[in-house]
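These protein sequence lines map, in sequence, to chains A and B. Residues 1 to 133 (the working numbering) are what the first sequence spells out, left to right. Residues 1001 to 1133 (the working numbering) are what the second sequence spells out, left to right. We treat Cβ as the ideally placed atom computed from N, Cα and C, and that holds for glycine. Read through the structure below, which is laid out as C-alpha cells, and then see the notes.
2 protein chains.
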Amino acid sequence: MVERKTDVGNRVDRRLDLFMKKHDLSDEALELIAGRFRMLSEPMRLRILNALGENEMSVTEILSATGANQANVSKHLSILLHAGIVSRRKEGLTANYRVADKTIFELCDLVCDRLKDHHETRQNALANIFAPK
Amino acid sequence: MVERKTDVGNRVDRRLDLFMKKHDLSDEALELIAGRFRMLSEPMRLRILNALGENEMSVTEILSATGANQANVSKHLSILLHAGIVSRRKEGLTANYRVADKTIFELCDLVCDRLKDHHETRQNALANIFAPK
DNA sequence: CTATTGCATTACTATATAGTGATATAGTAT
DNA sequence: ATACTATATCACTATATAGTAATGCAATAG
C-alpha cells in the first residue's frame, strides 16, 4: 500500500475499510444517510447552525443573527429539530434552540478542508495557464 | 469544560473551536458547502459511490451493480465528476470511473454512526414504553 | 377581559432536479 | 462504407421544497 503523508489520509483509509466491510447498504439505509446530508444541503440551515455555534439562542436572536424571514427560520428550525440536529427548550414566550448534534461541525469542517484543496488546485492550474513558466 | 468520554468527542470540540473562530461564513461559502452536501443527498449517488468503493468500474459495470437506468446513472456520474468526487478515464468505448475524493467515505461513516446512535436511543425509548421496568 | 409578543403553521408560488425514453456521438468491427 | 456498442445528452414530466404573507395560538402584560 502507498505511504500516506497525512493523518487524515490514514484515518480515511481505515474508515474506508470499515465502511466497505460493514455496510452493504439497503435502500432504506441509503435514504436515511442521504436524508441526513440533505439536512445540511441548504445554505439557510447552515447559516442558522453557524449562528448557533455552541450557544443557545432564542428564535428572535437567530432572526437578527441571520437577517432572515421569521416563518422561514421557524420552518428550518422545525426541520432541524425533527432531525435531531438541534434541541428546543421553551421558556415562557420564547423558544430556545441549541445544536444537539455537534458532529455536524465536524462534517462541515471536512467539507471546508476539501473545498479549500479543490480551490487551491484550480487556482494553481489557472496560474499555470497565465504564467506557464 | 465538561470531560468528554470519547476521542471523537474531543476531536469534535477542537474542530468546533476552529470552525467558530476561522470561518465567518460568507453567502458564497455557505453555498459551496451546502452544494457539497447536496452531492451526497441523493440515494442513487450514494449507491453508485458505494458500488464503486475503492475500485475503478465502467459505466456498464455500475449499471449492473446498481440495477439503475443508464441515462440516470450517466447523469449522476456527470454530476459527481464535475464536483470532483469521482474521476473518469476513457479507454476505447468504455468510460471508467473511480472515487477521487475518499473523504466522502469518512463523511458517510460519521453520518452512519450518528444515525445508529439516534436509532438505538429511539429503540430504547420504545422498549421503555412497552416494558417500563 | 383585551392587547401584545414570540413563535408555529398554513397556503401558496417558484424553482430545482430526479427519473426516463429517445436520440446523438464516438469508438470498434466487418 | 454499414453495423454495433458504450456512453452522453436532450426533452420532458413529476416531485420536492425554499421562501413568504397571512393567520393561528399560547403566554404574558395591562
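Contact check, residue i vs residue j, beta carbons under 8 Å
i: A/E180; j: B/A1034; result: Missing from the structure shown is residue 180 of chain A; chain A here goes from 1 to 133 and no further.
i: B/V1059; j: B/S1074; result: yes
i: A/L81; j: A/R88; result: yes
i: B/A1095; j: B/M1039; result: no
i: A/N50; j: B/L1025; result: yes
i: A/I48; j: A/T66; result: yes
i: A/R36; j: B/V1111; result: yes
From the options, residue whose alpha carbon lies closest to that of residue i
i: A/H119; options: B/L1025, B/F1037 and B/A1029; result: B/A1029
Proximity test, Cβ basis, 8 Å: residue i and chain A
i: B/E1120; result: no
i: B/V1111; result: yes
i: B/G1092; result: no
7 Å Cβ cut-off: residues of chain B touching residue i
i: A/N50; result: L1025
i: A/G84; result: H1118
Under 8 Å from the C-beta of residue i: neighbouring residues of chain A
i: B/L1046; result: L25, L30, I33 and A34
Where residue i meets chain B, residues with beta-carbon distance less than 9 Å
i: A/R38; result: F1037, R1038, L1040, S1041 and E1042
Contact set between residue i and chain A, taken where Cβ atoms lie within less than 7 Å
i: B/L1107; result: L107 and L110
Minimum Cβ-Cβ distance from residue i to chain B less than 8 Å
i: A/Q123; result: no
i: A/K21; result: Any reading at A/K21 is ruled out, since the residue's pLDDT is 42, under 50, leaving its predicted position unreliable.
i: A/D7; result: Bear in mind that a pLDDT of 49 at A/D7, under 50, signals an unreliable position, so the number given afterwards is only what the model happens to contain. It does not: the Cβ of A/D7 has no partner Cβ on chain B nearer than 8 Å.
message: Count Cβ pairs between the segment 1096–1106 of chain B and the segment 1063–1073 of chain B that sit closer than 8 Å; are there 3 or more?
response: No: fewer than three Cβ pairs fall under 8 Å.
query: Using 8 Å as the Cβ pair cut-off and three pairs as the minimum, do the segment 1045–1059 of chain B and the segment 1086–1102 of chain B touch?
result: They touch, by the three-pair rule.
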